[in-house]
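Only one structure is covered here, and it is reproduced in the block below.
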Amino acid sequence: AAGVIQSPRHLIKEKRETATLKCYPIPRHDTVYWYQQGPGQDPQFLISFYEKMQSDKGSIPDRFSAQQFSDYHSELNMSSLELGDSALYFCASGAGGSQPQHFGDGTRLSIL
Amino acid sequence: AQKVTQAQTEISVVEKEDVTLDCVYETRDTTYYLFWYKQPPSGELVFLIRRNSFDEQNEISGRYSWNFQKSTSSFNFTITASQVVDSAVYFCALSEALTQGGSEKLVFGKGTKLTVNP
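Going line by line, the protein sequences match chains L and D. As numbered in my numbering, the first sequence has no gaps in its residue numbers, which increase by one up to the final residue, 128. As numbered in my numbering, the second sequence has no gaps in its residue numbers, which increase by one up to the final residue, 382.
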């Protein structure tokens with residue numbers, strides 16, 4: 017079965033650079049979520065989209081933005097990167113209602 | 265506000281032992297969903313089970329079983345006859361139902377790191 021695809025799997029950036037993470041949800045899933053997981057931490061919700069509209073916002077820094085495109089893929093844009101942005105970034109998709117969210121394998125972002 | 269508490273930070277067992285991971289949650293909603301996810305050392309998050317607030321039936325899937333008790337706001341997870349491959353961080357999570365469609369974000373507990381030794 018098709019899963020959530022995230023790219024790239026690993027990304028190394030320097031402070032003050034920008035990064036773009038991509039997410040391709042499971043076909044026919046109408047909701048996309050982004051989570052950030054710091055080392056040894058639980059995943060923290062950043063932002064979600066339902067039918068290409070932003071549906072909820074969590075503790076996402078103003079330096080970050082995201083959008084969902086007409087083909088349902090989503091991108092998380094991160095600017096002025098800081099050392100503290102080093103984390104595993106997960107995208108998840110869901111079919112709505114009570115259906116579970118299925119996670120991609122994550123993008124490991126390292127800031128040097 | 266939603267909150268999930270996993271009081272056990274780390275558990276270490278010997279292979280073939282049974283182990284129970286505790287999860288206690290807080291929510292003001294009457295309709296909500298509870299989940300368990302597994303995160304092996306490779307880092308991916310693997311969905312294990314979903315339970316809605318109206319279904320208090322316990323569930324067994326192979327060596328895994330779940331005990332949902334609304335009276336104590338708990339959703340505990342038991343692994344029977346543990347194996348080395350069960351070593352991972354296990355997260356309990358909660359989401360609330362949205363009236364306008366779509367799914368609510370997941371609120372995770374801090375996770376329990378399970379180590380199964382041979």
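Glycine included, each C-beta is placed from N, C-alpha and C at the ideal position.
Rounded distance between the beta-carbons of residue j and residue i, thought under 8 Å
i: F355 of chain D; j: F341 of chain D; result: With a Cβ gap of about 10 Å, F355 of chain D and F341 of chain D do not count as contacting.
i: N381 of chain D; j: V310 of chain D; result: Their Cβ separation, rounded to whole angstroms, is 21 Å, which puts N381 of chain D and V310 of chain D out of contact at 8 Å.
i: A103 of chain L; j: G54 of chain L; result: 5 Å
i: A108 of chain L; j: Q115 of chain L; result: Not a contact, Cβ separation roughly 11 Å.
i: L97 of chain L; j: E33 of chain L; result: 5 Å
i: S346 of chain D; j: E281 of chain D; result: 6 Å
Residues that DSSP places opposite residue i in a beta bridge
i: G110 of chain L; result: L:T47
i: Y105 of chain L; result: L:Q52, L:T123
i: L298 of chain D; result: D:R315, D:L358
i: V310 of chain D; result: D:K302
i: I63 of chain L; result: L:W50, L:K73
i: I42 of chain L; result: In DSSP, I42 of chain L forms no bridge with anything.
i: K280 of chain D; result: Per DSSP, none; premise fails for K280 of chain D.
i: H14 of chain L; result: Residue 14 of chain L is absent from the structure shown; chain L starts at 17 and stops at 128.
Residue i versus the options, residue with shortest Cα-Cα distance
i: A265 of chain D; options: D:L358, D:N381, D:S351, D:Q321; result: D:L358
i: S64 of chain L; options: L:P24, L:C39, L:A18; result: L:C39
i: S337 of chain D; options: D:E274, D:T284, D:E290, D:V283; result: D:E290
i: I76 of chain L; options: L:Q60, L:Y66, L:S86; result: L:Q60
i: E320 of chain D; options: D:Y296, D:V348, D:L378, D:R292; result: D:Y296
i: D101 of chain L; options: L:Q22, L:R25, L:G19, L:A35; result: L:A35
i: A82 of chain L; options: L:I42, L:L92, L:H118; result: L:L92
i: K374 of chain D; options: D:C287, D:E281, D:K280; result: D:C287
i: N322 of chain D; options: D:I275, D:F332, D:Q303, D:I313; result: D:F332
i: K369 of chain D; options: L:Q84, L:F119, L:E30, L:Y49; result: L:Y49
i: T294 of chain D; options: D:T344, D:S346, D:K334; result: D:K334
i: M94 of chain L; options: L:R44, L:L62, L:P55; result: L:L62
i: F119 of chain L; options: D:W300, D:V268, D:I275; result: D:W300
i: I28 of chain L; options: L:F106, L:G112, L:L99, L:G110; result: L:L99
i: D134 of chain L; options: L:T123, L:D121, L:G122, L:G112; result: What is shown of chain L runs 17 to 128, which leaves residue 134 of chain L out entirely.
i: R292 of chain D; options: D:Y328, D:K267, D:G326, D:V353; result: D:K267
i: L128 of chain L; options: L:H26, L:E30, L:I21, L:F85; result: L:E30
i: R315 of chain D; options: D:K302, D:W330, D:Q303; result: D:W330
i: M69 of chain L; options: L:F106, L:D78, L:Q84; result: L:Q84
i: H89 of chain L; options: L:R79, L:D72, L:R44; result: L:R44
i: T379 of chain D; options: D:L298, D:T269, D:P305, D:Q270; result: D:P305
DSSP state of residue i mapped onto helix, strand, coil
i: K415 of chain D; result: What the structure shows of chain D is the stretch from 265 to 382, and residue 415 of chain D is not part of that stretch, so it cannot be assessed.
i: V20 of chain L; result: coil
i: T269 of chain D; result: strand
i: K334 of chain D; result: helix
i: L128 of chain L; result: coil
i: L99 of chain L; result: helix
The region 294-320 of chain D: which residues have C-beta closer than 7 Å to a C-beta of chain L, in chain order?
Y297, F299, G307, E308, L309, F311, R314, N316
What residues in the region 59-83 of chain L have a beta carbon less than 7 Å from any beta carbon of chain D?
P59, F61, S64, Y66, S71, D72, G74
For the region 338-355 of chain D, which residues have a CB atom closer than 7 Å to at least one CB atom of chain L, in sequence order?
F355
Could you please tell me which residues of the region 36-50 of chain L, in chain order, have their CB closer than 8 Å to any CB of chain D?
D46, T47, Y49
Select from the region 367-378 of chain D all residues with a C-beta closer than 8 Å to any C-beta belonging to chain L, and list them in chain order.
S367, E368, K369, L370, V371, F372, G373, K374, G375
Beta carbons nearer than 7 Å to chain D: which residues of the region 103-121 of chain L have them?
L104, F106, G110, G112, G113, S114, Q115, P116, Q117, H118, F119, D121
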